[in-house]
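J.: For the sequence shown, numbering that gives the first Met the number 0 puts the final residue at 65, and the numbers step up evenly by one.
Cβ coordinates follow ideal geometry from the N, Cα and C atoms, glycine included.
I'd like to ask you about the structure that follows.
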Amino acid sequence: MKTIVRILITLFLTALAYECMVLAFHLLNEPSDRSLYTGFAILALLALFLPFLLWRLWRKRNDNVW
């Protein structure tokens with residue numbers, strides 16, 4: 000994959016992650032317990048999957064880790 004495509008996908012993923020963080024922090028400020036747990040879940044999933052997706056995008060193709 001060309002580097003420019005990787006850069007564009009990385010920018011898209013970071014913009015999407017930013018929007019998810021804004022939504023999660025908005026939900027954390029709501030008074031209900033459901034909103035609080037949903038905000039925590041969004042942040043936890045984001046912390047787990049974003050680094051994994053970026054690692055999969057930028058790893059060298061000759062790495063046979065997975």
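Which residue wins for smallest C-alpha separation from M20, given the options S31, R33 and T37?
T.: Here residue 20 refers to the residue found at position 21 when the sequence shown is read from its first residue. Nearest option by C-alpha distance: T37.
J.: Select from I3, A23 and I8 the residue whose C-alpha is nearest the C-alpha of L52.
T.: Translated into the one-based positions of the sequence shown, residue 52 becomes position 53. Nearest option by C-alpha distance: I8.
J.: Please state whether DSSP places R60 in a helix, a strand or coil.
T.: Along the sequence shown, read from residue 1 onward, the residue named residue 60 stands at position 61. Coil, per DSSP.
J.: How would you call L23, buried or exposed, if buried means at least 16 neighbouring beta carbons within 10 angstroms?
T.: Reading the sequence shown from its first residue, position 24 is the one you call residue 23. The question names Leu, yet the displayed sequence has Ala at residue 23. Buried.
J.: Using 8 Å as the threshold, is the C-beta distance between L12 and L35 below it?
T.: As a working mapping, residue 12 is identified with position 13 in the sequence shown. As a working mapping, residue 35 is identified with position 36 in the sequence shown. Going by C-beta atoms, L12 is not nearer than 8 Å to L35.
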